[in-house]
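Listed in order, the protein sequences are those of chains A and B. All letters in the first sequence, in the order written, are residues 3 to 478 by this note's numbering. All letters in the second sequence, in the order written, are residues 62 to 545 by this note's numbering.
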Amino acid sequence: MTYEVVIGLEVHVQLKTKTKAFCGCVNEFGLKENTNTCPVCLGLPGSLPVLNEKACKMSVKVGLALGCEPRQSVKFDRKNYFYPDLPKNFQISQYDMPFAENGSLDILVNGVNKKIRIKRVHLEEDAGKLIHPEGASFSLVDFNRAGTPLLEIVSEPDMHSPDDAYQYLTDLKLILQYLGVSDCDMEKGSLRCDANISLRPAGQVKLGTKAELKNMNSFKAVKAALAYEIKRQKAALENKEVIAQETRLWDEKKEETFIMRSKEEAHDYRYFPEPDLPLFELSAEELRDIRDSLPELPKERFKRFVSVLQISEKDAVVLVSSRELADLFEACLEIYKEPKKIANWLIGPVLSHTSSNVSFEAMHLTPESLTKVISLVEDGTVSNLAGKSILAEMIETGKPAQDIIREKNLAQVSDSCELGSVIDKVIANNKRSVDDYLAGKENALMFLVGQVMRSSSGKANPKVAKEMLTERLKKC
Amino acid sequence: MKEKLNTLTAHELQGLLSAKKIDAAQIIADIEDRCRIVEPKVRAYARAPFFKNASNAGLGNSELSFIPAVIKDNICSDGDLTECCSRILEGFRPPYDATVVEKLKSSGSFIMAKANMDEFAFGSSCETSCFYPTRNPWNTDYVPGGSSGGAAASVAADEAIFSLGSDTGGSIRQPAALCGVVGLKPTYGRVSRYGLIAFASSLDQIGPLTKDVRDSALILKIIAGYDEKDATSANIPVPDYPALLAKDIKGMRVALPKEYFVEGMDPDVRKALIEAKNKLGSLGVTFAEVSLPHTEYAVAVYYIVATAEASSNLARFDGVQYGLRNVEVRNASEPPLISMYKETRGKGFGAEAKRRIILGTYVLSSGYYDAYYLRASKVRALIKEDFDKVFKDFDMILTPTSPTPAFKLGEKANDPLNMYLSDIYTISANLAGIPAISLPCGMTKNGLPIGMQILGKPFGEQDILRLAYHYEQNTAWHKNKPSL
């Protein structure tokens, strides 16, 4: 029998606010355990939460970017469950009046366009972290993370393969990065993803019983866990076993999922309205301001790069794949109006030097420095090859291009006197090629130009060298 | 001075202090003397008072300079034991001051003692305290009411000048009535709840218990106001309540809800209320009977909403961070974490707390939420509408505070439903969020105080204080003192 795979994803992202969601503690990671806390995020008796307006506005922003209907009146609820990393033993979350609902995200998978509906976007507080010292009979809790803002983005079960899920996550992450609301670093936990997956016989309307998968710490792991789960559920269905509704954890090493808890053990969260927080109301004007503050999103940018700037689709995909790169591209364009040339430099030499966690600025790559290098190559001051080594040197030392050219003597030689002696030498030392050329083999000329370049340590202007060579060879 | 300073009010002491007629140190000395005599009988305090704090008091020439405050054991004060009279909070010393405590301190006052209370404010008799019950200063066989029983008794017994209590369903007003003092529950949002250990967050308010109405106005003025640490506090200016007391009350329209004056009502209470009405009538106040048709549902609604919120608010008491932790293992096959939760909460909470946590957990459970919590929330809105309608035509509402005067210790302790009915007249104000004051208006044949309640419009504290003040000026009930 053939089965249809049905996947829905719940994505949690840590919002990049200055302070935590309900208190004034800074929203920072890597501090010494339990030093970034206060009575509110520790849930001490008598303390009360106060809503972080920035976190709310970010949530609305994400909702709008995902095409959701934002709510003007937003409610917070308590999700009740006991766990030692949860200081109040309830989490402030949202139940039936979240920030945004009913949006969608269009993804392109293997050339096919798919619309993935977004069910809801809601804000909640993160929990602390449990630490289990090896061999100890106790556990420790670090509450630094407690109360930091988490945005949960829930999709409808509109994905049908691990590839769909992978692409959805990639596109969603890009949008969130464009909005500047989160680092979306899965390894650091600033983006987490739970996947709901079920199988049903092809053609059946009723959904199969789902499993919820947790503990995947990369998009690749999500893909692998889903692929594993498809195999597992398919085998079970084919053996006429009943699929149990359960939560399963992905084991990265064994590359398999295992059961964490069954439906019977699932919590009754006893949601009810958080009485300590009034409704969060957004005026039409505030909503409009947030809408106006939305940046151009990757999809629109891609379209503009292709249609207006005549960039190839292949290159445009690369350029918009990071907001920083696309921003740099456009900033360069302000100074030097050659989109294709800039794109080639960015996608080629520049990207070969970058790594994901170092900013362009830290690499001394500013629109000014970059366009300087490009224009030096274009006006013939330096060769293409020299341009690349200037770029490398610039990234390394931060020195201006002019200085590097001077220090390394990289300026291109177009002077006929200087070139003349080099050309004479090349003609004298390459008899065979000269003969070949004279015998009509045009290719031999390029070889000779190459020799001139080599003899001049790349400084010769190849165009001038070629012209001079042709002249001299006529006399031979 | 022939009068002992502990018997005076804050405004009287202030007058004497600024006229330099008394020495500030004498205030605390007189209170200390009084405590030595009466505290063993009354047991108003959760633990021994700390008179030494007096040395930190008296910031300049403020309204409460040198005047000690007693606060209920559920209001946090920096470094002081604050245990809600519950074993589960054993040893808990908050590292911060509640906003009301900050405000008292910056008005020159200081915290002299934490008052005994029903555990987590769950009760109407002060008998569910994990320490001991407080007794009614008028007759120590009787309860002082609750849950702010200690706060009320300390003021009534003159071992305090004033106190702060909290009121979720009548916990300031009912003990004030039973002890013969003035108790005010402000409008929801008038006083910051920051630092008040929550019972039911949507109902709780902190308010003063005082010897007269002027002190009530004075203390309210000091503790009221917007607080950025409490998102439910109202950003509405605080009137100068004491300055508004004397304004004439002629022509004030007062409603008498028929649902509050029913057959079988305690005859002493009925008689006192009729007399109070007549007295106010002689001062130019007009009365008319009205209906608050949803009153009969108030107790049911209250015990759903309040317990639901309490079950969640009290979840944090789990032995992880503070308070009691019991790691006794009774069932070795159980995960140790679960054992810790069970043993800690099992041992830490008293019977009434457990009863309410279970009730609240039940009404929020999946499958029951709509039938209980949601429906209760809807009826709550109807109860509020009842009041809104009456306040279109009337300035305030007059009712008894409690259906009966004080009852004997143990009389209702094993009858929770009967106990819950003690708050039948006070609960609605919390559900509707409106302000209400209780003040003495008579004595029973047995010599126990009777209280009347005045309910006002939201943020209309100045009106109910004014009516209460004029009544008080024309009666002498507040001058009665128990003989201890």
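Note that CB positions come from ideal geometry on N, CA and C, so glycine has one too. Source: prediction; values computed, not measured.
Residue i, enclosing alpha helix (DSSP H) - first and last residue
| i | result |
| --- | --- |
| B/A361 | A359 to N374 |
| A/M470 | P464 to K477 |
| B/V440 | R436 to D454 |
| B/L398 | P397 to G409 |
| B/A214 | G210 to A217 |
| B/H72 | A71 to S79 |
Residue j beta carbon less than 8 Å from that of residue i
| i | j | result |
| --- | --- | --- |
| B/T536 | B/R234 | no |
| A/E154 | A/E126 | yes |
| B/G207 | B/G244 | no |
| B/V216 | B/V242 | yes |
| A/R1 | A/L215 | Only positions 3 to 478 of chain A appear in the structure, and residue 1 of chain A is not among them; the question remains open. |
| B/C146 | B/N177 | yes |
| B/T160 | B/K290 | yes |
| B/N374 | B/A259 | yes |
Alpha carbon of residue i to alpha carbon of residue j, nearest angstrom
| i | j | result |
| --- | --- | --- |
| B/D273 | A/E103 | 55 Å |
| B/L78 | B/D84 | 7 Å |
| B/M62 | B/V424 | Here the model assigns B/M62 a pLDDT of 49, short of 50, so the residue's position is not dependable, and the following value carries that caveat. The straight-line gap from Cα to Cα measures roughly 58 Å. |
| B/K102 | A/K20 | 55 Å |
| A/A394 | A/P464 | 22 Å |
| A/L311 | A/I337 | 15 Å |
| B/D134 | B/A295 | 25 Å |
| A/I94 | B/T143 | 25 Å |
| B/T195 | B/F181 | 15 Å |
| A/G460 | A/M365 | 26 Å |
| B/L344 | B/L306 | 15 Å |
| B/E163 | B/Y255 | 10 Å |
| A/Q169 | A/G65 | 19 Å |
| B/Y402 | A/A318 | 57 Å |
| B/G169 | B/A130 | 10 Å |
| A/R325 | A/N54 | 26 Å |
| A/V428 | A/G113 | 52 Å |
| B/L420 | B/T229 | 17 Å |
Any chain B beta carbon closer than 8 Å to residue i
| i | result |
| --- | --- |
| A/L53 | yes |
| A/V28 | no |
| A/R263 | no |
| A/K90 | yes |
| A/F84 | yes |
| A/F274 | yes |
| A/V143 | yes |
| A/P47 | yes |
| A/P151 | no |
| A/A148 | no |
| A/P280 | yes |
N- and C-terminal bounds of the beta strand (DSSP E) containing residue i
| i | result |
| --- | --- |
| B/G503 | A497 to M504 |
| B/D228 | F223 to D228 |
| A/Y5 | Y5 to Q16 |
| A/K1 | With chain A running from 3 to 478 in the structure shown, residue 1 of chain A is simply not present. |
| A/R263 | E258 to S264 |
| B/F171 | F171 to A176 |
| B/G606 | Here chain B has residues from 62 to 545 only, and residue 606 of chain B is not among them. |
Proximity test, Cβ basis, 8 Å: residue i and chain A
| i | result |
| --- | --- |
| B/T248 | no |
| B/V330 | no |
| B/C187 | no |
| B/S263 | yes |
| B/C137 | yes |
| B/D291 | yes |
| B/Y321 | no |
| B/F520 | no |
| B/S427 | yes |
| B/S277 | no |
Per the contact definition of three or more C-beta pairs closer than 8 Å, is the stretch 107-115 of chain B in contact with the stretch 160-179 of chain B? For the pair of segments examined, the stretch 160-179 of chain B was found to touch the stretch 107-115 of chain B: the number of CB pairs separated by less than 8 Å reaches three.
Sufficient close CB pairs (3 or more, under 8 Å) joining the stretch 238-253 of chain A to the stretch 211-221 of chain A: Contact check between the stretch 238-253 of chain A and the stretch 211-221 of chain A: three or more CB pairs, one atom from each, fall below 8 Å, which counts as touching.
Validate contact between the stretch 508-521 of chain B and the stretch 447-465 of chain B using beta carbons, cut 8 Å, 3 pairs: Verdict: yes, contact present.
How about the stretch 336-354 of chain B and the stretch 468-481 of chain B: do they share at least three Cβ pairs that are nearer than 8 Å? The stretch 336-354 of chain B vs the stretch 468-481 of chain B: no contact.
Is the stretch 166-186 of chain A touching the stretch 281-300 of chain A in the sense that three or more CB pairs, one from each, lie closer than 8 Å? These segments touch.
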